[in-house]
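So the structure is just underneath, and the comments pick up after that.
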Amino acid sequence: MWAEIIQRFADSPAQSRVVKFLLENGFGVNEQAKVHCNGVEIPATHIAKVIGTDRRVIDMTGQRIVSDASLKEIFLNMRATPDLSQVANALKLTVITIIPRNATEKGIVGAAVQVLHRYSLGIRQIFVTDPYFSEHPRLVIIIDEPLPPGVIEELRMQPQIRQIIL
């Protein structure tokens, strides 16, 4: 699905970068073709500076999105969620980052969750970086408590998991 969206902008590498940036960050586009994050408008000049392009490219990309019914539906409804991994220490949460052997393989999340379930660990947040957007896809699981002995070893034994970072 994401690859199809990116492909629609293959004729414009600059607009393709904008769309990829919007998708990576969960940014949407409103009816006026302005970029927003959960309803808060983000100036095109700010986005342009971050991705190294001109603000007009941001504006043109927004216009192109709202002129396409299927893209418009996606981007009007796009929402960002907080990433608790960056504040885990302050919240006394435990972050487990799993690097898969093959991020396109099915069952990575299920295998990890089954291990945590066996130890009766509650999951506060879980997210996966999409292999279409990230050069280094990963699964991040945030739990409310310290890890009991044996969890990491059992996770490492899962065939889908290449590496674990705490």
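Under our numbering, the letters of the sequence shown match residues 493 to 658, in that order.
Don't be surprised by glycine CBs; every beta carbon is placed ideally from N, CA and C.
Compute the distance between the beta-carbons of residue i and residue j, then report whether it is under 8 Å.
{"i": "I644", "j": "I590", "result": "no"}
{"i": "Q507", "j": "V558", "result": "no"}
{"i": "G544", "j": "V527", "result": "no"}
{"i": "V620", "j": "V601", "result": "yes"}
{"i": "N581", "j": "G520", "result": "no"}
Taking the DSSP output, what are the residues bridged to residue i?
{"i": "G520", "result": "H528"}
{"i": "F619", "result": "V632"}
{"i": "E533", "result": "H528"}
By alpha-carbon positions, which one of the options ends up nearest to residue i?
{"i": "A595", "options": "A582, M570 and P623", "result": "P623"}
{"i": "W494", "options": "N522, E523, S504 and E516", "result": "E516"}
{"i": "N522", "options": "F567, S626 and L514", "result": "F567"}
{"i": "P574", "options": "P641, C529, L563 and K512", "result": "C529"}
{"i": "Y611", "options": "P535, E637 and D503", "result": "E637"}
Just reading off the alpha helix (DSSP H) that residue i is part of, what are its end residues?
{"i": "G555", "result": "The displayed chain sequence assigns Gln, not Gly, to residue 555. Element bounds for Q555: R547 to V558."}
{"i": "Q606", "result": "I600 to R610"}
{"i": "R648", "result": "V643 to R648"}
Could you pull the start and end residues of the beta strand (DSSP E) that residue i belongs to?
{"i": "T589", "result": "T586 to P592"}
{"i": "I656", "result": "I653 to I657"}
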